[in-house]
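Participant:
Residue numbers (full-length UniProt numbering): 1 to 86.
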(Lines of atoms letter the chains of each structure in order from A and count residues from 1; the text may use other names and numbers.)
(Lines give C-alpha, C1' and ligand atoms only; values in the text may rest on other atoms or scores of the structure.)
Protein backbone atom coordinates (compact mmCIF):
# COMPACT_ATOMS: atom_id res chain seq x y z
CA UNK A 1 0.00 0.00 0.00
CA UNK A 2 1.42 3.34 -1.09
CA UNK A 3 1.62 6.16 1.37
CA UNK A 4 -0.33 9.32 0.63
CA UNK A 5 2.81 11.35 -0.02
CA UNK A 6 4.10 8.78 -2.54
CA UNK A 7 0.68 8.67 -4.20
CA UNK A 8 0.57 12.46 -4.42
CA UNK A 9 4.10 12.56 -5.79
CA UNK A 10 3.13 9.99 -8.43
CA UNK A 11 0.08 12.06 -9.46
CA UNK A 12 2.19 15.24 -9.71
CA UNK A 13 4.81 13.47 -11.83
CA UNK A 14 2.06 12.10 -14.09
CA UNK A 15 0.55 15.56 -14.51
CA UNK A 16 3.90 17.21 -15.19
CA UNK A 17 4.82 14.57 -17.79
CA UNK A 18 1.48 15.10 -19.58
CA UNK A 19 2.06 18.85 -19.38
CA UNK A 20 5.50 18.45 -20.94
CA UNK A 21 4.05 16.30 -23.75
CA UNK A 22 1.17 18.79 -24.10
CA UNK A 23 -1.36 15.97 -23.83
CA UNK A 24 -3.82 17.22 -21.26
CA UNK A 25 -6.43 14.57 -22.07
CA UNK A 26 -5.66 10.88 -22.02
CA UNK A 27 -8.60 9.64 -24.11
CA UNK A 28 -11.22 11.00 -26.47
CA UNK A 29 -13.74 10.59 -23.66
CA UNK A 30 -11.78 13.14 -21.63
CA UNK A 31 -12.01 15.60 -24.51
CA UNK A 32 -15.75 14.99 -24.88
CA UNK A 33 -16.35 15.38 -21.14
CA UNK A 34 -14.39 18.64 -21.10
CA UNK A 35 -16.35 19.95 -24.10
CA UNK A 36 -19.64 19.11 -22.37
CA UNK A 37 -18.38 20.84 -19.22
CA UNK A 38 -17.50 23.99 -21.19
CA UNK A 39 -20.93 23.98 -22.85
CA UNK A 40 -22.56 23.65 -19.42
CA UNK A 41 -20.52 26.54 -18.01
CA UNK A 42 -21.36 28.68 -21.05
CA UNK A 43 -25.07 27.97 -20.66
CA UNK A 44 -24.91 28.84 -16.95
CA UNK A 45 -23.23 32.15 -17.73
CA UNK A 46 -25.75 32.93 -20.48
CA UNK A 47 -28.68 32.12 -18.19
CA UNK A 48 -27.17 34.23 -15.42
CA UNK A 49 -26.74 37.23 -17.72
CA UNK A 50 -30.29 36.86 -19.06
CA UNK A 51 -31.63 36.64 -15.50
CA UNK A 52 -29.69 39.77 -14.50
CA UNK A 53 -31.14 41.74 -17.43
CA UNK A 54 -34.65 40.56 -16.58
CA UNK A 55 -34.16 41.38 -12.90
CA UNK A 56 -32.86 44.86 -13.70
CA UNK A 57 -35.78 45.58 -16.00
CA UNK A 58 -38.26 44.38 -13.36
CA UNK A 59 -36.59 46.54 -10.71
CA UNK A 60 -36.76 49.50 -13.06
CA UNK A 61 -40.46 48.95 -13.63
CA UNK A 62 -41.15 48.41 -9.95
CA UNK A 63 -39.27 51.57 -9.00
CA UNK A 64 -41.24 53.71 -11.40
CA UNK A 65 -44.69 52.57 -10.20
CA UNK A 66 -46.16 54.13 -7.05
CA UNK A 67 -46.79 51.69 -4.23
CA UNK A 68 -50.24 52.18 -2.74
CA UNK A 69 -50.48 48.96 -0.74
CA UNK A 70 -49.79 48.65 2.96
CA UNK A 71 -47.52 45.65 2.50
CA UNK A 72 -44.74 47.30 4.50
CA UNK A 73 -46.38 46.25 7.78
CA UNK A 74 -44.73 43.18 9.24
CA UNK A 75 -46.98 40.17 9.33
CA UNK A 76 -46.58 36.74 10.87
CA UNK A 77 -45.34 34.01 8.56
CA UNK A 78 -45.68 30.29 9.20
CA UNK A 79 -47.51 28.36 11.87
CA UNK A 80 -47.23 28.23 15.65
CA UNK A 81 -45.58 25.17 17.09
CA UNK A 82 -47.80 24.58 20.10
CA UNK A 83 -45.63 21.67 21.22
CA UNK A 84 -42.94 24.19 22.17
CA UNK A 85 -45.27 26.09 24.52
CA UNK A 86 -44.70 25.49 28.27
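Quick reminder that beta carbons are idealized off the backbone N, C-alpha and C, glycines included.
As the structure is a prediction and not an experimental result, all values here were calculated from the model.
Could you tell me the boundaries of the alpha helix (DSSP H) in which residue 7 lies?
Facilitator: It spans 4 to 21 - the alpha helix (DSSP H) in which residue 7 sits, taken as one unbroken run.
Participant: Quick check on DSSP: helix, strand or coil for residue 26?
Facilitator: Correct three-state label for residue 26: coil.
Participant: In whole angstroms, what separates the C-alpha of residue 39 from that of residue 30?
Facilitator: Rounded to the nearest angstrom, the two C-alpha atoms are 14 Å apart.
Participant: Assuming the contact rule is C-beta atoms closer than 8 Å, residue 25 and residue 15 should be a hit. Round their C-beta distance to whole Å, please.
Facilitator: No, residue 25 and residue 15 are not in contact; Cβ-Cβ is about 12 Å, not under 8 Å.
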